[in-house]
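Since the structure comes first, as structure tokens, the remarks are kept for the end.
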Amino acid sequence: MKLLVVGSGGREHAIAKKLLASEQVEQVFVAPGNDGMTLDGIELVNIGISEHSALINFAKENDIAWTFVGPDDALAAGIVDDFEQAGLKAFGPSRLAAELEWSKDFAKQIMVKYGIPTAAFGTFSNFEEAKAYIEEQGAPIVVKADGLALGKGVVVAETVEQAVEAAREMLLDNKFGDSGARVVIEEFLAGEEFSLFALVNGDQFYILPTAQDHKRAFDGDQGPNTGGMGAYAPVPHLPQSVVDTAVD
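Using full-length UniProt numbering, read the sequence shown as starting at 1 and increasing by one per residue.
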């Protein structure tokens, strides 16, 4: 079969390389991809991730069996919905389901609604209200742009002043545009962070190995959070009991 991967980063490279290793896969295209992918026999397609109609036409013309979507912003833009409406199979959440990723406030509200443990938080679109909340809660505290910000929208503030400045940059200075027009201010939690992924089909799910993301820009876990620093899986020092609790 022929497959299409949408995206251009290391994540898409890894996915495409793994897919190409399957005996069932004849050809893997990546749109738009990057030049390094060609070293692994992956074919690049000069179509951007926001060009849904062009991607759909390519998939139809090249008899693509499945399209795998990597970037968060493509999922938030409803690319999976558009492919399915065109009668094509796409791997990834719908725009509605992807809101768990592209809106931190939405994700927090879902956790509250269904009794899923989460850090205490407040959501604000008014700077003065956000500032008052920060001063009331104290530091350390975490300030998050509600929307997608290329992995740079979370500030772990060690002081009240840092947190207020982060909120100011997002709400008043438009540092992240519409993505920062609303902020989630969250209780700081100390400890190990991990991600647990699941493939979901209706009311059935399949758990994948745990992963740990490394978000700091500099060596030694220093500097601000950013995107694309790297991750590894599985997480060897994570007790199985913690995973079982998350699954339940």
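Glycine included, each C-beta is placed from N, C-alpha and C at the ideal position.
As the structure is a computational prediction, the values presented were derived from the model and not from experiment.
If you drop the 5 nearest sequence neighbours on each side, which residues of the same chain put their C-beta closer than 6 Å to that of ALA21? No residues qualify anywhere along the chain.
Locate the alpha helix (DSSP H) running through LEU96, then write down its first and last residues. LEU96 -> alpha helix (DSSP H) spans 95-102.
ARG216: first and last residue of the uninterrupted alpha helix (DSSP H) it sits in: Run containing ARG216: none in the alpha helix (DSSP H); it sits in the beta strand (DSSP E), 216-218.
Once the 5 residues before and after ALA76 are set aside, which same chain residues still bring their CB inside 6 Å of it? ALA98, TRP102.
DSSP three-state call for ALA187: helix, strand or coil? Checking the displayed sequence, the identity of residue 187 turns out to be Glu instead of Ala. Strand.
Helix, strand or coil: which one does DSSP assign to LEU4? LEU4 falls in the strand class under three-state DSSP.
Once you ignore the five residues that flank ALA246 on each side, which residues in its own chain have a CB closer than 7 Å to its CB? Closer than 7 Å at Cβ, skipping near neighbours: LEU196.
Classify ASN225 as helix, strand or coil using the three-state DSSP reduction. Residue state, collapsed to three classes: strand.
Identify whether VAL235 lies in helix, strand or coil by the three-state DSSP scheme. Here VAL235 sits in coil by DSSP.
Enclosing alpha helix (DSSP H) for PHE127 [first to last residue]: Looking at the DSSP string, the run of the alpha helix (DSSP H) that includes PHE127 is 127-137.
Would you kindly check if the distance between the Cβ of PHE121 and the Cβ of ALA130 is under 8 Å? With a cutoff of 8 Å on beta-carbon distance, ALA130 and PHE121 are scored as not near each other.
Could you give the distance in angstroms between the alpha-carbon of ILE15 and the alpha-carbon of GLU136? Per the coordinates, the alpha-carbon of ILE15 lies some 45 Å from the alpha-carbon of GLU136.
Would the region 163-171 count as touching the region 197-212 if we require 3 or more Cβ pairs under 8 Å? Under the Cβ criterion (8 Å, minimum of three pairs), the region 163-171 does not count as touching the region 197-212.
Tell me the rounded alpha-carbon separation between ALA54 and ASP248. Straight-line Cα distance between these residues: approximately 41 Å.
Which complete beta strand (DSSP E) runs does the region 8-81 hold, if anything under 3 residues is left out? Qualifying beta strand (DSSP E) stretches, in chain order: 27-32, 64-69.
Taking 8 Å as the threshold, find out whether the region 81-101 comes into contact with the region 204-221 through three or more Cβ pairs. Because the criterion of three Cβ pairs below 8 Å is not met, the region 81-101 and the region 204-221 do not touch.
Environment of SER8 [buried if 16+ CB atoms lie within 10 Å]: SER8 should be labelled buried.
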